[in-house]
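The structure under discussion appears below in the form of structure tokens.
Residue numbers (our numbering), protein chains in the order written: chain A, 6 to 912; chain B, 129 to 450.
Structural data, given as structure tokens:
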């Protein structure tokens with residue numbers, strides 16, 4: 006049938022073409038005459054011949070895009086834009102690099118290459134397109150390649166490189182107090198206040214030293230390289246095969262912090278790699294039906310290494326240990342006291358009250374929290390196979406459906422975790438620790454969905470969508486932890502004592518040699534082995550039923566009901582299956598087995614309790630009784646939502662669309678999960694003229710979890726409009742405005758001591774700042790209203806942010822060969838929040854972020870154009886950036902300009 | 129005898145009615161206008177002008193006679209390959225694969241009423257026309273769940289076979305400008321200092337969203353492991369971990385982060401990290417443990433994540449220290 010039709014067509018084609026040509030000519034002639042009534046039709050061919058001359062066209066259009074060159078059986082077209090960017094930045098360069106990271110230098114801004122078979126019968130391929138941008142030093146480079154041969158294959162490649170530099174001050178230590186005798190202070194001491202009766206002048210809010218954290222303690226300079234390859238075989242056949250490979254590699258230096266008594270900033274070398282393989286097959290053999298099967302295999306590996314030692318990051322080790330005795334830790338050993346210094350606040354002192362030995366400049370207090378070295382390495386390996394079947398069919402009249410079924414597992418194995426801490430933790434008296442042990446976590450996921458729509462009539466449709474999603478994550482870690490205690494040399498303390506190694510030589514049986522690890526009665530076990538078991542899972546079933554009705558050509562609506570049932574299950578349990586207590590300590594005696602009988606093995610009535618055994622080397626082992634299994638917590642949530650929306654076209658030029666959702670949930674998993682949901686979305690698009698378009702949109706989301714002890718209320722509201730004007734081919738104008746308002750509140754409970762008051766800034770006549778609204782002072786203020794809460798103070802935590810975003814752009818072809826572009830984009834953010842301490846800087850609550858730009862493009866000759874552009878970046882925080890009484894924190898502000906000069910050639 | 133004859137006739141009549149109304153498979157040969165059920169609409173069928181009463185297919189080369197510029201541009205586009213699809217017949221080939229049989233249009237001297245003109249049809253009719261071929265594509269399998277379709281957005285709102293600005297996917301405008309033309313607020317979010325690199329061209333809206341429709345909300349894709357799409361790039365946060373920060377897996381990344389761009393570092397929802405944490409870690413109606421009493425907010429002023437570093441999940445510490 007098909008062949009005969011084609012043959013018939015071939016036979017008649019000359020005649021058809023002639024008739025069509027004649028018809029076409031008539032239409033064109035009539036149309037032409039209407040537009041150009043004065044021009045004789047006889048002159049058209051000559052004029053057309055002239056206009057069709059490539060040379061004339063080329064010159065007329067300036068450079069534009071070249072049609073390429075024909076070489077052999079291919080048309081080849083290339084464009085290249087290269088040049089130089091000059092970058093000028095004032096202010097905080099780290100913030101600029103975090104936001105923009107555009108530097109100076111030669112750049113390949115853009116390159117494209119295209120080969121197209123002229124007769125669609127290319128030897129290896131019919132078309133090849135290649136494009137890239139950003140090479141030469143820009144933080145984002147993207148390369149795309151597509152090669153295809155009709156009916157045989159379609160190959161696509163995508164390479165992306167993302168240079169992710171991050172060093173934005175996260176206010177890690179925002180309340181870093183000023184130092185002794187800061188500028189403007191009284192002649193001695195630090196800022197003081199009077200408390201108590203009779204009044205006592207107490208130094209408060211001082212630190213010696215006072216070191217503001219000016220950089221992000223989690224700064225990083227990573228490079229992420231993402232490669233994606235996709236090959237489709239027989240792309241136009243009824244059976245298609247798809248193969249794919251992706252690689253995601255993220256690596257680079259960064260920092261890691263941890264709390265071992267003091268908070269230090271360790272070097273972390275990030276290294277993550279994922280290799281993912283895909284294979285799929287599509288069957289389109291059944292009429293109007295597609296069935297697909299996909300197999301995914303993903304391999305993830307992580308090789309992060311965290312280190313802190315004088316050789317790797319000497320900048321951390323600014324202090325030295327004094328120990329001239331010759332015993333214990335060597336004299337002059339470099340010490341890392343951490344990055345947080347607050348030495349005289351009442352409740353929290355870091356790294357200790359007096360980190361520096363009096364009378365010295367860089368000698369660390371040995372009894373202070375500090376590190377001599379740290380290392381951590383763990384190499385997770387994760388294998389994730391996934392199988393998925395999908396189908397789509399409109400085989401049956403008036404009925405279409407689609408669905409999928411997927412099964413995925415993930416096996417994350419860490420066989421060799423190792424953490425070594427060599428330092429001193431004052432609160433436990435420990436001289437270090439090692440932690441190791443294999444860990445394993447799995448994820449098993451089953452998900453399925455089915456959707457169907459039935460056309461009851463030409464105007465009415467019923468849609469139903471069912472979704473099932475079940476995943477579970479069991480995990481286990483066989484932990485092996487050794488707490489290291491120091492030796493007991495006379496006259497030495499803390500870091501001066503070396504790490505004691507328990508063995509027969511160092512700690513003979515029945516003795517308390519100075520080389521024994523020194524414990525107290527409250528010291529933790531020296532060795533802990535155990536098994537941690539965890540589980541987290543969710544079972545979700547959801548169904549949406551919807552009716553769609555077309556009232557008329559201009560009005561249609563849909564109404565629906567969504568029901569979701571979720572059950573979240575979890576538990577976490579750690580069984581210390583074995584503890585070992587080593588002997589040694591100042592209060593060691595035969596009565597307490599030289600302090601080996603402590604903790605779970607404290608003697609009762611002169612005997613070790615059940616489960617404890619005195620070993621031949623003098624240590625005491627404890628084997629915990631088998632505990633009952635953990636209690637699994639279950640949270641079940643039923644969600645109900647009414648859905649509604651309409652599309653209205655009162656006139657052809659105006660379209661109004663809307664979607665509304667009103668939901669209620671009978672439970673919540675977290676305190677900010679909404680129990681009530683309201684969503685309103687309205688968008689209007691009005692084509693005032695063929696060259697003028699107006700768009701406006703309102704989007705409002707309201708969430709509530711208004712249980713008494715939570716009082717959570719959130720809203721996210723945006724109001725925006727935009728317009729595009731293109732009155733002719735020479736000028737285009739667009740501008741718009743967006744207002745984004747975010748508000749969130751919830752009742753929180755936290756600990757807060759009131760013995761800290763704000764310093765009286767000099768001169769003393771200025772008022773002392775008060776606590777912010779919502780944070781009442783104890784004991785007169787309301788306590789946390791939640792029974793059994795671990796923290797005594799309650800407050801309504803609020804956060805609001807108002808963002809005004811304005812943008813405008815003009816593209817103007819001032820002359821035939823000159824195009825000018827001017828534009829602007831600016832964000833103005835003003836916010837408010839509760840301050841748990843009034844000295845906290847406002848951070849990103851208030852700032853302006855502006856980016857005007859301009860460019861001129863001059864078309865020089867035959868595909869060659871020259872472009873000059875200017876881009877400005879300005880960021881400035883407008884809130885309270887440096888509250889009085891704090892060690893000064895540099896502003897995050899910056900302003901920078903990029904001037905770019907480039908040539909673009911199309912050939 | 130008469131009863132038998134009447135009964136037989138009635139039975140045959142009933143059977144014939146049933147057969148004609150039965151939901152049998154549709155014919156292989158696609159008519160000029162599709163009668164696909166989703167979107168449910170009958171596309172306009174050009175009135176017949178030939179002797180048989182139906183328009184017939186004339187071939188793309190005939191269309192070129194009058195529409196040479198459009199043809200030359202179309203020949204360089206992926207849709208030219210439809211001319212190679214002989215199995216589907218002329219209804220799936222060339223210009224007439226989209227516009228329907230052209231004989232009546234040609235005979236009528238270019239009469240637009242005798243051909244399927246996309247600009248003169250509703251979005252449902254346009255979508256039905258395109259999905260005739262594209263319905264089973266990997267990106268279109270959930271087209272019946274498309275929020276765009278439901279809101280009167282047609283395929284030609286974003287794609288153009290003849291006037292595409294981009295060669296890939298034949299878009300009328302490149303991303304993200306195309307998406308910003310309707311999603312006005314997203315332009316403001318990506319203009320924030322902390323944002324996903326969409327404006328820089330590193331990622332596109334369609335990397336995270338399947339604009340043709342998905343089963344999940346907001347037309348967000350899933351990763352290859354049927355998990356959140358975020359983990360496709362942020363692979364280190366995927367886990368699974370022995371100690372999960374459960375809200376990450378249960379409620380998703382958006383429980384703490386805004387997905388497009390925001391004013392706060394790391395695109396967090398609040399400017400102060402401690403307030404974000406305390407929203408959940410306050411003992412009441414929460415599976416999350418409350419902040420302990422020794423976390424004194426007046427002097428314990430560090431951000432929570434300074435110590436609780438592995439906040440997305442840890443294999444070795446229940447409090448996410450390592």
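Glycine included, C-beta positions come from ideal geometry on N, C-alpha and C.
Model, not experiment: these values are computed from the prediction.
Check: Is residue 551 of chain A helix, strand or coil by DSSP?; Outcome: strand
Check: Should the region 667-678 of chain A be called in touch with the region 298-305 of chain B, which here means at least 3 C-beta pairs below 8 Å?; Outcome: no
Check: Taking the alpha-carbon of residue 432 of chain A as reference, which of A:425, A:400, A:372, A:393 has the nearest alpha-carbon?; Outcome: A:372
Check: Measure the C-alpha to C-alpha separation of residue 5 of chain A and residue 369 of chain B and round it to an integer number of angstroms.; Outcome: Chain A is shown from 6 up to 912; residue 5 of chain A falls before or after that span and cannot be answered.
Check: Tell me which residues share the same chain as residue 232 of chain A and place their Cβ nearer than 7 Å to its Cβ, disregarding the 5 neighbours each side in the sequence.; Outcome: 164, 251, 252
Check: Work out the CA separation of residue 336 of chain B and residue 404 of chain B for me, nearest whole Å.; Outcome: 25 Å
Check: Measuring only between beta-carbons, confirm whether residue 245 of chain B sits less than 8 Å from chain A.; Outcome: no
Check: Report buried or exposed for residue 183 of chain B, applying the criterion of at least 16 other Cβ atoms within 10 angstroms of its Cβ.; Outcome: buried
Check: Evaluate contact between the region 589-603 of chain A and the region 503-520 of chain A, counting only Cβ atoms and requiring at least three cross-stretch pairs below 8 Å.; Outcome: yes
Check: Is there a Cβ from chain B that is less than 8 Å from the Cβ of residue 817 of chain A?; Outcome: no
Check: Give me the Cβ distance between residue 312 of chain B and residue 727 of chain A, rounded to the nearest whole Å; I'm assuming they're in contact under 8 Å.; Outcome: 5 Å
Check: Report the residues of the region 266-286 of chain A with a CB closer than 9 Å to any CB of chain B, ordered along the chain.; Outcome: 268, 275, 277, 278, 279, 281, 283, 285
Check: I need the DSSP call for residue 482 of chain A, collapsed to helix, strand or coil.; Outcome: strand
Check: Can you grab the Cα-Cα spacing for the pair residue 185 of chain B / residue 226 of chain B, in whole Å?; Outcome: 12 Å
Check: Got a sec, what are the start and stop residues for the beta strand (DSSP E) residue 82 of chain A sits in?; Outcome: 79-96
Check: Which chain C residues are close to residue 79 of chain A, counting only those with a beta carbon under 9 Å from its beta carbon?; Outcome: No chain C is present in this structure, whose protein chains are A and B.
Check: Can you pull the chain B neighbours of residue 145 of chain A, defined as C-beta to C-beta under 8 Å?; Outcome: 325, 328, 329, 330
Check: Please go through the same chain and pick out, in chain order, the residues whose beta-carbon is closer than 7 Å to the beta-carbon of residue 274 of chain A, but skip the five residues on each side of it.; Outcome: 258, 309, 310
Check: Can you tell me the Cβ-Cβ gap for residue 389 of chain B and residue 322 of chain B, rounded? I've got them flagged as a contact below 8 Å.; Outcome: 6 Å
Check: Under 8 Å Cβ to Cβ from residue 559 of chain A, same chain only, skipping five residues before and after it: list those, please.; Outcome: 653, 654, 655
Check: If you follow the beta strand (DSSP E) that residue 286 of chain A is part of, which residue opens it and which one closes it?; Outcome: 268-288
Check: I want to know whether the region 361-381 of chain A touches the region 279-293 of chain A - three or more CB-CB distances under 8 Å.; Outcome: no
Check: Measuring CA to CA, which of A:456, A:478, A:427 is closest to residue 414 of chain A?; Outcome: A:478
Check: With a cut-off of 8 Å on the beta carbons, I'd call residue 540 of chain A and residue 576 of chain A a contact; round off their distance for me.; Outcome: 5 Å
Check: The region 368-390 of chain B: which residues have C-beta closer than 8 Å to a C-beta of chain A, in chain order?; Outcome: 368, 369, 370, 371, 372, 374, 375, 377, 378, 379, 383
Check: One question on the structure: do residue 531 of chain A and residue 494 of chain A come within less than 8 Å of each other, judged by their Cβ atoms?; Outcome: no
Check: Between the region 438-449 of chain A and the region 340-350 of chain B, do at least 3 Cβ pairs fall closer than 8 Å?; Outcome: no
Check: Residues of the region 393-415 of chain B in Cβ contact with chain A at a cutoff of 8 Å, in chain order, please.; Outcome: 393, 397, 398, 399, 400, 401, 402, 403, 406, 407, 408, 410, 411, 412, 413, 414, 415
Check: Using a Cβ-Cβ cut-off of 8 Å (strictly less than) and excluding sequence neighbours within five positions of residue 565 of chain A, which residues of its own chain qualify?; Outcome: 468, 549, 550, 551, 552, 647, 648, 649
Check: Starting from residue 318 of chain B, trace the beta strand (DSSP E) in both directions and tell me its first and last residue.; Outcome: That residue, residue 318 of chain B, is in no beta strand (DSSP E); its alpha helix (DSSP H) goes 312-318.
Check: Are any of the Cβ atoms in chain A nearer than 8 Å to that of residue 298 of chain B?; Outcome: no
Check: Rounded to whole angstroms, how far is the Cβ of residue 482 of chain A from the Cβ of residue 449 of chain B, which I believe are closer than 8 Å?; Outcome: That belief does not hold up - the Cβ atoms of residue 482 of chain A and residue 449 of chain B are roughly 14 Å apart, past 8 Å.
Check: Where residue 490 of chain A and residue 304 of chain A are concerned, what is the direct C-alpha to C-alpha distance, given to the nearest angstrom?; Outcome: 40 Å
Check: With a CB to CB cut of under 6 Å and the five nearest residues on each side skipped, what residues in its chain are close to residue 223 of chain B?; Outcome: 188, 191
Check: With contact counted as at least three CB pairs below 8 Å, one residue from each stretch, are the region 727-737 of chain A and the region 687-698 of chain A in contact?; Outcome: yes
Check: Give me whichever residues DSSP pairs with residue 164 of chain A in a beta bridge.; Outcome: A:148, A:232
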